[in-house]
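Quick note, the sequences are listed as chains Y and P, same order.
Numbering of the first sequence is given in my numbering, commencing with residue 22 and proceeding in unit increments.
Numbering of the second sequence is given in my numbering, commencing with residue 22 and proceeding in unit increments.
For glycine and all other residues, C-beta sits at the position ideal for the given N, C-alpha and C.
Because the structure is a prediction, the values reported are computed rather than measured.
Number of protein chains: 2
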Amino acid sequence: MKLYDCAPAPSPRRVRMFLAEKGLTIPIVQVDLRGGEHLRPEFLKLNPWGTVPVIELDDGTTISEASACCRYIEEIHPQPPLLGRDPKEKALIAMWDHHCEIDGFLAGAEALRNEAKGMAGRALPGPVGYEQIPGLAERGRARIQHFIAGLNERLGESPFVAGQAFSVADITAFISVEFASWIKINPPEDAAALRRWLEGMRARPSSKA
Amino acid sequence: MKLYDCAPAPSPRRVRMFLAEKGLTIPIVQVDLRGGEHLRPEFLKLNPWGTVPVIELDDGTTISEASACCRYIEEIHPQPPLLGRDPKEKALIAMWDHHCEIDGFLAGAEALRNEAKGMAGRALPGPVGYEQIPGLAERGRARIQHFIAGLNERLGESPFVAGQAFSVADITAFISVEFASWIKINPPEDAAALRRWLEGMRARPSSKA
């Protein structure tokens, strides 16, 4: 099994951090997103949607989409459980992870991709070149700020995003918050619960993965 | 366990269809989205993100987000498996389901919500009132057409979306394609594989759920 990665990109970082929490090290192939390597025929054969991360299994099967990569890793290396231990916990983690991805991660991507000069004509990942929509950059900024406020509220009542235990939802939330800092949106000074949790997240060795 | 639903809405339909494929019937509570019931304090207590579907367990726990509701149902009623039987199949189903949700379902919602008159000020679900962005309606239309073309290609090489077996990815894809017809985007006449699969999907009793 190997991971197609791009070190600076936030999406494959979700899988690197997940692997690190499992104590796993697997071969990594860097894909040069800036150079457009992900849109070349050789890479599109691995993932027609032209995104990283991709996990390639020894039989040649390729799995894209960060959440699906994490699912595979969880199934073959259940310990420590990061997707939950019983039906209720699994569902609550899936719920929070989905919320963090859609309202946090994708909101940040919406803002960045629709305003960064280098992203002109690439407002969505993948092989279709979508033009930037300025109003969407603005909306993305509003959304990520709502997300951060909600996350602070949640972490005021729960030690981790999905409940009492660390889970994949913390990884997705953490990377979403750090990703937002790329566009200079940071947790407000008074977001005490979120800042305490962020400190804990940054102290985990997996945050360096 | 009961389901908070809104019969005409495509998102809770994913869970109804999933339940029907499992042969399960559970109490259903209709939420009047048109009347704004999902944004009233009583409903926001169940789901602060103001969306359906929501599953409420007997202990009062509430699970929102369609994919998380399906995860719960799969865990308590594993047969027939709709999220996969082994690690590889589970990951491939997660990958396809995620693709169908993001590039199909959400693309359709992007188009509809940004162009329908009745959706003014509600371009995203939930309690924050986002204004419509006309360019985003256009982009959503382009995206759903790309999705439909890709789905036809996929179904030319595989009997079901995620492989040899029917799975949740077929449910998400099917509801996304039917949802697109709300804005008059339908599979082209020559999309033979997709049309064959659609016929099979419409013949399943769960499609009426």
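Exposed or buried, Leu45(Y), counting other C-beta atoms within 10 Å across all chains shown (16 or more means buried)? If you number the first sequence from 1, residue 45(Y) lands on position 24. Leu45(Y) is exposed by the Cβ-count criterion.
Show which residues of chain P have a CB atom less than 9 Å away from the CB atom of Thr82(Y). Here residue 82(Y) refers to the residue found at position 61 when the first sequence is read from its first residue. Here the neighbours are Lys109, Ala112 and Leu113.
Beta-carbon gap between Ile206(P) and Arg162(P) smaller than 8 Å: Taking the first residue of the second sequence as position 1, residue 206(P) is located at position 185. Taking the first residue of the second sequence as position 1, residue 162(P) is located at position 141. A contact, by the Cβ cut-off of 8 Å.
Might you give, ordered along the chain, the residues of its own chain that have their beta carbon closer than 6 Å to the beta carbon of Gly177(Y), omitting 5 neighbours on each side? Position 156 of the first sequence, counted from the first residue, corresponds to residue 177(Y). Result list for Gly177(Y): Ala214, in chain order.
Expressed to the nearest angstrom, what Euclidean distance is found between the alpha-carbon atoms of Glu136(Y) and Ala158(Y)? If you number the first sequence from 1, residue 136(Y) lands on position 115. If you number the first sequence from 1, residue 158(Y) lands on position 137. Per the coordinates, the alpha-carbon of Glu136(Y) lies some 6 Å from the alpha-carbon of Ala158(Y).
Can you look up Ser85(P) in the DSSP assignment and give me helix, strand or coil? One-based indexing of the second sequence puts residue 85(P) at position 64. Three-state DSSP puts Ser85(P) in a strand.
For the segment 163 to 189 of chain P, which residues have a CB atom closer than 7 Å to at least one CB atom of chain Y, in sequence order? Residues passing the 7 Å Cβ filter: His167.
Are there three or more Cβ pairs, one per stretch, closer than 8 Å when the segment 119 to 129 of chain P is compared with the segment 54 to 70 of chain P? Three or more beta-carbon pairs separated by less than 8 Å are not found between the segment 119 to 129 of chain P and the segment 54 to 70 of chain P, which leaves the two stretches without contact.
Measure the Cβ-Cβ separation of Val50(Y) and Cys121(Y) and say whether it is below 8 Å. Residue mapping note: residue 50(Y) aligns to position 29 of the first sequence, counting from 1. Residue mapping note: residue 121(Y) aligns to position 100 of the first sequence, counting from 1. No, these two residues do not count as a Cβ contact at 8 Å.
Assuming Ala4(P) and Ala112(Y) are in contact, meaning their beta carbons sit under 8 Å apart, how far apart are those beta carbons, in whole angstroms? For residue 4(P) there is no data in the structure shown, the boundaries of chain P being 22 and 230.
Could you tell me the distance, in whole angstroms, from the CA atom of Ile154(Y) to the CA atom of Arg216(P)? Within the first sequence, the letter at position 133 stands for residue 154(Y). Within the second sequence, the letter at position 195 stands for residue 216(P). Straight-line spacing of the CA atoms in Ile154(Y) and Arg216(P) works out to 33 Å.
Secondary structure of Leu176(Y), DSSP reduced to three states: Your numbering for residue 176(Y) matches position 155 in the first sequence. In this structure, Leu176(Y) counts as helix in the three-state DSSP scheme.
Mind pulling the chain P residues with CB within less than 9 Å of Met22(Y)? By one-based count along the first sequence, residue 22(Y) stands at place 1. When 9 Å is used as the limit between beta carbons, Met22(Y) is near no residue of chain P, the shortest such separation being about 11 Å.
Secondary structure of Phe187(P), DSSP reduced to three states: Looking up residue 187(P) in the second sequence gives position 166. Coil, per DSSP.
When you compare each of Leu145(Y), Val189(Y) and Ile94(Y) to Glu77(Y) by their alpha carbons, which one comes out closest? Residue 77(Y) sits at position 56 when you count from the first residue of the first sequence. It is Ile94(Y) whose Cα lies nearest to the Cα of Glu77(Y).
Listing by chain order, which chain Y residues have their CB less than 8 Å from the CB of Leu157(P)? For the purposes of this step, residue 157(P) is identified with residue 136 of the second sequence, where counting begins at 1. By Cβ distance, chain Y contributes Ile154, Gly156 and Leu157.
Tell me, please, which residues DSSP counts as bridged to Gln166(Y). Translated into the one-based positions of the first sequence, residue 166(Y) becomes position 145. BP columns for Gln166(Y) are empty, so no partner.
Kindly list, in the order they appear in chain Y, the residues whose Cβ is closer than 8 Å to that of Ala30(P). Taking the second sequence and counting its residues from 1, the one referred to as residue 30(P) is at position 9. Contact annotation for Ala30(P) against chain Y: no contact, minimum CB-CB distance about 17 Å [criterion: below 8 Å].
Inspect the beta-carbon positions of Tyr25(Y) and Pro74(Y) and report whether they are closer than 8 Å. Against the first sequence, residue 25(Y) aligns to sequence position 4. Against the first sequence, residue 74(Y) aligns to sequence position 53. Cβ atoms of Tyr25(Y) and Pro74(Y): closer than 8 Å.
Can you find a C-beta in chain Y that's less than 8 Å from the C-beta of Ile97(P)? Walking along the second sequence from the start, residue 97(P) turns up at place 76. Yes, Ile97(P) counts as interfacial toward chain Y.
Check each candidate in Met140(P), Gln100(P) and Phe168(P) and name the one with the smallest Cα separation from Asp118(P). The sequence position of residue 118(P) within the second sequence is 97, counting from 1. Selection Met140(P), Gln100(P) and Phe168(P) evaluated against Asp118(P) yields Phe168(P) as nearest (Cα-Cα).
So, helix, strand or coil for Ile49(Y), using DSSP? If you number the first sequence from 1, residue 49(Y) lands on position 28. In the three-state reduction of the DSSP assignment, Ile49(Y) falls in the strand class.
Using beta-carbon positions only, say whether Met222(P) and Glu86(Y) come within less than 8 Å of one another. Within the second sequence, numbered from 1, the residue matching residue 222(P) stands at position 201. Within the first sequence, numbered from 1, the residue matching residue 86(Y) stands at position 65. Not a contact, by the Cβ cut-off of 8 Å.
Apart from the five residues on each side of it in sequence, which residues of its chain come closer than 8 Å, Cβ to Cβ, to Glu131(P)? Looking up residue 131(P) in the second sequence gives position 110. Same-chain partners within the cutoff: Leu157, Ala158, Arg160, Gly161 and Arg164.
If you count every other CB in all the chains shown that lies within 10 Å of the CB of Ser188(Y), and 16 or more means buried, which is it? Numbered from 1 along the first sequence, position 167 holds the residue referred to as residue 188(Y). Ser188(Y) should be labelled buried.
At a Cβ threshold of 8 Å, is His59(P) touching chain Y? For the purposes of this step, residue 59(P) is identified with residue 38 of the second sequence, where counting begins at 1. By this cut-off, His59(P) is not an interface position.
Closer than 8 Å to chain P by CB, Tyr25(Y): Counting from 1 along the first sequence, the entry for residue 25(Y) is found at position 4. For Tyr25(Y), the answer is no, since every Cβ of chain P falls outside 8 Å of its Cβ.
Taking Met116(P) as the query, report the chain Y residues whose CB atoms sit under 8 Å from its CB, ordered along the chain. Here the question's residue 116(P) lines up with position 95 in the second sequence. What Met116(P) touches in chain Y: Ile84, Ser85, Glu86 and Ala89.
Report the rounded CA-to-CA distance for Glu220(Y) versus Arg34(Y), giving the unit in angstroms. Walking along the first sequence from the start, residue 220(Y) turns up at place 199. Walking along the first sequence from the start, residue 34(Y) turns up at place 13. Rounded to the nearest angstrom, the two C-alpha atoms are 18 Å apart.
Leu78(P) CB to nearest chain Y CB: under 8 Å? Along the second sequence, read from residue 1 onward, the residue named residue 78(P) stands at position 57. So yes, Leu78(P) belongs to the interface.
How would you label Trp203(P), buried or exposed, when you count the other beta carbons within 10 angstroms and need 16 or more for buried? Against the second sequence, residue 203(P) aligns to sequence position 182. Classification of Trp203(P): exposed, given that the 10 Å Cβ count is below 16.
Which residues of chain P have a Cβ atom closer than 9 Å to the Cβ of Val149(Y), listed in chain order? To locate residue 149(Y), count along the first sequence from 1; it is residue 128. By Cβ distance, chain P contributes Ala163, Arg164 and His167.
For Arg160(Y), which residues in chain P fall below 9 Å Cβ to Cβ? Looking up residue 160(Y) in the first sequence gives position 139. Going along chain P in sequence order, the residues near Arg160(Y) (Cβ under 9 Å) are Ala144, Leu145, Tyr151, Glu152, Ile154 and Leu157.
Arg43(Y) versus Ala28(Y) - alpha carbon distance: As a working note, residue 43(Y) is residue 22 in the first sequence. As a working note, residue 28(Y) is residue 7 in the first sequence. In the sequence on display, residue 43(Y) carries Lys and not Arg. For the pair Lys43(Y) and Ala28(Y), the Cα-to-Cα distance works out to about 19 Å.
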